[in-house]
Each structure stands twice: as C-alpha cells, then as structure tokens.
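Line by line, the protein sequences give chains A and B.
Position 30 of the first sequence, counting from 1, maps to 640 under the working numbering, and the rest follow consecutively.
Position 140 of the second sequence, counting from 1, maps to 154 under the working numbering, and the rest follow consecutively.
From the three backbone atoms N, C-alpha and C, an ideal C-beta is built for every residue, glycine too.
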Amino acid sequence: MKWSKLGKIFDPTEHSLPHNCHEFAQSPQTLVLSDRVRVYFSTRQRDNVGKYLSHIAFVDFDKSMQHIIDISQHTIIELGDLGCFDEHGIFPINVVSDGDRVLAYTTGWNRKVSVSADASIGLAISHDNGLTFQKYGKGPILTASLNEPFLIADAFVALYGSLYHMWYIYGTKWKQFAEADAPERVYKIAHATSNDGINWQRDGRQIITDRLNADECQALPTVFQRAQTYHMYFCYRQAHGFREQRSHAYRIGYARSSDLTNWVRDDSNAGIDVADDGWDSQMQCYPHIFELAGKAYMLYNGNEFGRFGFGLAVGDES
Amino acid sequence: MFKWKKLGRIFDPRDYQPDSWMKEFAQSPSVLIDEKHVGVYFCSRPAPAPDGQYLSFLASIDLDRKNLLEIVNVCQAPLLSLGAYGTFDEFGTNPISVIREQDEVRVYYAGWTRCESVPFNAAIGLAISHDNGDSFTRLGAGPVLSYSPDEPFLLGSPRIRKFGGRWYLWYVSGKEWLRGEGKPEPVYKIRMASSADGINWGKFGKDLLASKLGEHECQACPDVIFRAGKYHMFFSYRDSHNYKSKEGGYRIGYASSVDMMRWDRRDELAGISVSKKGWDSEMVNYPHVFMLDGETYMLYQGNEMGRSGIGLAQLVGPQDWRDL
Numbered sequence: 611m612k613w614s615k616l617g618k619i620f621d622p623t624e625h626s627l628p629h630n631c632h633e634f635a636q637s638p639q640t641l642v643l644s645d646r647v648r649v650y651f652s653t654r655q656r657d658n659v660g661k662y663l664s665h666i667a668f669v670d671f672d673k674s675m676q677h678i679i680d681i682s683q684h685t686i687i688e689l690g691d692l693g694c695f696d697e698h699g700i701f702p703i704n705v706v707s708d709g710d711r712v713l714a715y716t717t718g719w720n721r722k723v724s725v726s727a728d729a730s731i732g733l734a735i736s737h738d739n740g741l742t743f744q745k746y747g748k749g750p751i752l753t754a755s756l757n758e759p760f761l762i763a764d765a766f767v768a769l770y771g772s773l774y775h776m777w778y779i780y781g782t783k784w785k786q787f788a789e790a791d792a793p794e795r796v797y798k799i800a801h802a803t804s805n806d807g808i809n810w811q812r813d814g815r816q817i818i819t820d821r822l823n824a825d826e827c828q829a830l831p832t833v834f835q836r837a838q839t840y841h842m843y844f845c846y847r848q849a850h851g852f853r854e855q856r857s858h859a860y861r862i863g864y865a866r867s868s869d870l871t872n873w874v875r876d877d878s879n880a881g882i883d884v885a886d887d888g889w890d891s892q893m894q895c896y897p898h899i900f901e902l903a904g905k906a907y908m909l910y911n912g913n914e915f916g917r918f919g920f921g922l923a924v925g926d927e928s
Numbered sequence: 015m016f017k018w019k020k021l022g023r024i025f026d027p028r029d030y031q032p033d034s035w036m037k038e039f040a041q042s043p044s045v046l047i048d049e050k051h052v053g054v055y056f057c058s059r060p061a062p063a064p065d066g067q068y069l070s071f072l073a074s075i076d077l078d079r080k081n082l083l084e085i086v087n088v089c090q091a092p093l094l095s096l097g098a099y100g101t102f103d104e105f106g107t108n109p110i111s112v113i114r115e116q117d118e119v120r121v122y123y124a125g126w127t128r129c130e131s132v133p134f135n136a137a138i139g140l141a142i143s144h145d146n147g148d149s150f151t152r153l154g155a156g157p158v159l160s161y162s163p164d165e166p167f168l169l170g171s172p173r174i175r176k177f178g179g180r181w182y183l184w185y186v187s188g189k190e191w192l193r194g195e196g197k198p199e200p201v202y203k204i205r206m207a208s209s210a211d212g213i214n215w216g217k218f219g220k221d222l223l224a225s226k227l228g229e230h231e232c233q234a235c236p237d238v239i240f241r242a243g244k245y246h247m248f249f250s251y252r253d254s255h256n257y258k259s260k261e262g263g264y265r266i267g268y269a270s271s272v273d274m275m276r277w278d279r280r281d282e283l284a285g286i287s288v289s290k291k292g293w294d295s296e297m298v299n300y301p302h303v304f305m306l307d308g309e310t311y312m313l314y315q316g317n318e319m320g321r322s323g324i325g326l327a328q329l330v331g332p333q334d335w336r337d338l
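Next up, the structure:
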C-alpha cells in the first residue's frame, strides 16, 4: 500500500501537558469514538534525579483529523508503586475497544543496575471511554520467561474471531559493540494468543525475519486486515549508531500473512519512507494503523523518536 | 509437638579460609541422597565487592551417610555460573532447592537482579545437571516462574517437590515494598504452583498461610514433606523491620494440610527455636526436613541469615505423625 503523507499533526511543545511534560509524544495509538479520534501517546517528565518518567496523555482530534478538540490534563493511568514493573514509565500504550470497556496494554519500565531498564506488559481497563484506566493488578500480564529473558514490550492486541492476538517484542541480548560504549539491546517481534485477553499463550519464536543482520532491532508491530490478508507494519533499526546516524536509524517495515502465523517480510512494499528533509527525514518509527470512514491511516513518529511529535499518512487503496 | 535434638553446626565456610572460594554464608540447604553420601546444596558467597555488595552462588558439600557430622567433600568452585548481562539472575542464585529427576538433577533457584528504586528483585530459574549434581547449566536465559498481576515482584525461596507424578513448587511472592528510614524493605508471603513437567507452571494464586505477625510479616522457605496422610510445611517467618536482631529475626514455623491448598498454621508445634548462645542464638531459619535410614532430620541456617553456617537437628519425636 502506498501512503500519502499528511504531515506532522501534533507537536507536544506547542501545548500544555499534564505532569509538567513538554517534550515527546511517542507511539501515538488510537481509540475511535463516536465524535472524535482519541490519540494516546507517551510524553516525558524529568524526575528529581534528572531522569525521564514516561506518562500517558491523549489528544482528541475531530474525525477529519485536522482539528484538535481536547488535550488531556489529568492522570490517565498511574505509574506503578515502588518496585513494580511500571514504576518509571509507561510507553507505549495500546488501547482496544472491548464491548463497554476499553482495554489498555501498557509497556511498563523499571530502572535497573547494570542495564538501564527492563520492561514488561501490563493490562489496565477503562469504563469511561478511555478517560482513565485502572490496573488489572500491580504486576504484569506478560513478562520475562525461559527463552524471552527481558524487555517484553510493545504489545498490539486485536480480536480475530473469538481469539485475542497479541504482537509484541522480546529482548534477545545486550551486546557491546565498542569497548567504551554501554551494551545495546536487541529485540524481535513475537506473537501470543488468548481466550480472555488476560492469560496469554506465546508462540515462542521470532515471527519476522531479519533484514539487516542478526542484531536488527524490531519494534512496535501494528496489524490490520484487508480481505483475506493481514498486514503488519513495524519499525526496525541497527542495534548501534541508531541515535546519531541516519542510515542506522528506525525505518518502517512491512510484512503480510494469510493465516496470522506465517509472515512474509516485504519492506519494499511498505509504501512509506523517510523524507529528504524535515521532521521525518532522519527516522520513522512507532507506526500505528487505524481505520476511519473506510480509509486506513498511519500515525508515526519522526526524528528523535518523537521528541517533537507525530505525523499522519493516509493509505491509497485505489 | 515436634521435638528436635540439635546436633550442632555442621558447616561454616569461614573455617575453610583462606583457600576456599566461599568466604561466608551457607544459606538455604537442601539435600540429595545417594548410597554413600548426603549431598548438601546451599548458597555461599565470595568476599563482597568494594561497594559492599555480594554475589551469591550455588555450592555443595558431601556428608558421610553413616555420620552426618563428617564432611567428606567441599565443592572447589561454584556449581552454576551467574546469568548474562541484563538477565534476571545476573547478581546471584539464592535461595535454591535441588531434586533428582531420572538421570538428571535439577536446581530451582531465585535469581537476583539489582534495581534503582529498590535494592533488588528476583524471579525463579531452573538449571540442570547431567553429572549427578557436580555442575549445572541453566535451561534458558530467563526464569521459569516470573511476575504476574497479583505477584508483582520478588518471586523467591523456591522449594521443589514431586508428589504423585506431579511437580509442586512452593515459593514466596512480594506484596509490597515498605518505605522506611533506610532502604525499602519488602513484604513477601508463601505461595504455590504446580506443573506436569516442572517447567511450565500454573500458579495457585493465593497466600497459603495466615500471617501471625500482622500483614507485614515476611514468610520464606516453605519446605514441605508428605507423611502419615498429610503435607507438613516447615518455613521461616519474621517481622519486616528489625529482622537482623534477635528480637525481630527469623523463626521456624509449621503448618499442615491434607490437600496442599488449605493449610493449618500451628507454629507452636514446630519445636525448634533459637539457642541460648552460639551460632543459632539469634535466628533459626531456612529449614529443610528430610528422612534418612529411618530417622528424620532438619538442616537449617542460623544467625545473620546464614552467614555463620548450617546446622543439623534430629527428630526425637513423635514417631507417629498422624495425630499432629
């Protein structure tokens, strides 16, 4: 599918945000309501030791996606208690309308010694159309396991038939590329299924083949269906040099499947790439596909992992 | 009430200095019995790093089966390496529990990681030996039992058993971290999981024991044996504060159950407590009960959470456990 870029639609530095956040609007993900499209994102606060805490906020657009109606000023979901998996941030959040409630699959971050942080996936539930979420327990629903030892993150959940499907990422290693540098993380996309959206059965394998090399990092899968084909967009990058070098930074990848099990990677048909200059010229990351009035839209972040906001593209299905 | 005769301290790693890799601590003993020996597996520590922090490793000694007070072998190196950078067991494997399974020996252990806001976290790992318990290799880089919505952190103190062909794991789960004057202190309670293969676990999802010292009581080391138609659990418990002193330190409790799910806690029956003086005068904890040649024994650790070594007690009575 070809994507026509509609430009950057939200810059967090132009608005007042809760928790004294003023930069970063990362991993935009939608809840389509009757009169608006609620776009959740992660924004950042500096804590008292000067480190970042990621908080969830949202911006409401009208259904033309051209006008901002509202920006949240309240706490949508609390960070975790002392020692909990989501004590130091929630990034990202994936929201799924499920009858009269909204499910939120969160990635919670906690700071460690040796490596900087670890992550697990939590569940929170809203009964007020996504204004606020209450956690389903203090602990995660998906965390490190025998062969997925750390960095369980980036859940995207969809219901096909009576089965919940989750695509997520898991860490495979921390690798040191240069003696003076701290080790860098490597992570891959995986899949799990569930009858209730709470208890998950993992496939236990990497489902998207590497394109760059074995250390390729794959992140934030988003899946939608057209006719008999499932389409997955995600982002991928080199494991090191990705912050500074354009050639090593995040790009948007693409894969397709007819059975939700076997995926064929085909980045050449992603239909979107970095611009020559401007807000998404260095990197593109954290894609999220949603449907509105029969069209597919992609929200995504650009340079600096979304420090200055996110943009929108519309799919050309003709 | 159980009546135990203390046979004294059987091992103190400090006696083996300066040559041994073990500097101090012999914690969380459990046994593997063969024809000639009783292998005692436990956790020990080299000297701490300059910042005072310890690593903890799997260790073992062999006792003469005919004379349990005689040590015939001391391991010359840790039996299991620590986990790789960033994994759940990068900074220690402690406590531990061993079990024989056909041609292999399994050790279930709590892996230590270090955190920023709280001192540490733990999850339960599995490593396997194919040389009769002389060396172990972890089954995977991650844990076999980890966090879930109502078990948010600190999964530790595993005790592995097999009853009727099914695997059972008693362990503890963290409830909350209490903020105080110094470092945060955790509260944890005893829980259980079961499994067909010892690898994929279903959690029972409930605290098994009523708390005796209030909601902040810490419970650990749930060591279970089956005898006379019932399951018997010896465990440790303490207050969440001042636990490094005699007053607040670990004691050994007791509970029994007919179905492993509903437990009747009766600490007054445990029958073993601190001595008036000596190596176990401030705390007794991490009990492990086993039967050998018609006798029943308890291994346990003493003062300073096992810094001063492991002791042995022998059951004097009752011989018939049906009326307990």
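- Here the C-alpha atom of residue 625 of chain A lies approximately 13 angstroms from the C-alpha atom of residue 654 of chain A.
- In the three-state DSSP reduction, residue 916 of chain A falls in the helix class (H, G or I).
- When Cβ pairs closer than 8 angstroms are counted between the two stretches, the segment 142-151 of chain B is seen not to touch the segment 197-206 of chain B, the count staying below three.
- Annotation: residue 227 of chain B has no Cβ neighbours in chain A at a cutoff of 8 angstroms; minimum Cβ distance is about 21 angstroms.
- The way I'd put it, the segment 737-751 of chain A does touch the segment 161-170 of chain B; three or more beta-carbon pairs between them come closer than 8 angstroms.
- The Cβ of residue 104 of chain B sits closer than 8 angstroms to at least one Cβ of chain A.
- In summary, residue 141 of chain B is buried, with 16 or more beta-carbon neighbours lying within 10 Å of its beta-carbon over all protein chains present.
- Within chain A, no residue has its beta carbon less than 7 angstroms from that of residue 59 of chain B; the closest one is some 18 angstroms off.
- Below 8 angstroms, too few C-beta pairs join the segment 282-292 of chain B and the segment 907-927 of chain A to call them touching: fewer than three.
- Only 153, 154, 155, 156, 157, 158 from the segment 146-158 of chain B bring a Cβ to less than 7 angstroms from some Cβ of chain A.
- Within the DSSP secondary-structure output, residue 216 of chain B pairs in a beta bridge with B:208.
- Contacts between residue 784 of chain A and chain B, judged by CB atoms closer than 7 angstroms, involve 99, 100 in chain order.
- For the pair residue 263 of chain B and residue 861 of chain A, the Cα-to-Cα distance works out to about 56 angstroms.
- Interface with chain B (8 angstroms Cβ-Cβ cutoff): residue 654 of chain A is excluded.
- Beta-carbon to beta-carbon, residue 266 of chain B and residue 314 of chain B are separated by about 7 angstroms, close enough to satisfy the 8 angstroms threshold.
- Shown here, residue 623 of chain A sits in a helix according to DSSP, grouped into three states.
- Identification of chain B residues near residue 721 of chain A by a Cβ-Cβ cut-off of 9 angstroms yields 129, 130, 131, ordered along the chain.
- Just measuring C-alpha positions, the residue of A:697, A:733, A:717 sitting nearest residue 132 of chain B is A:697.
- Chain order gives the chain B residues near residue 694 of chain A as 166, 167, where near means a beta carbon separation below 7 angstroms.
- Ranked by how close their Cα comes to the Cα of residue 170 of chain B, the residues B:234, B:290, B:300 have B:234 in first place.
- Setting aside the 5 residues that flank it on each side, residue 270 of chain B is surrounded in the same chain by 244, 246, 278, each with a C-beta closer than 6 angstroms to its C-beta; the list follows chain order.
- Pairing residue 783 of chain A with residue 128 of chain B gives a Cβ-Cβ distance that is not under 8 angstroms.
- DSSP places residue 319 of chain B within a helical segment (H, G or I) once states are collapsed to three.
- In terms of Cβ geometry, residue 822 of chain A and residue 846 of chain A form a close pair [threshold 8 angstroms].
- DSSP places residue 922 of chain A within a strand segment (E or B) once states are collapsed to three.
- In this structure, A:670 is the residue among A:670, A:690, A:730, A:676 with its C-alpha nearest to the C-alpha of residue 682 of chain A.
- In this structure, residue 39 of chain B sits near residue 59 of chain B, with a CB-CB distance shorter than 8 angstroms.
- Cβ-Cβ distances below 7 angstroms link residue 879 of chain A to 864 in the same chain, with the five nearest sequence neighbours on each side left out; the list follows chain order.
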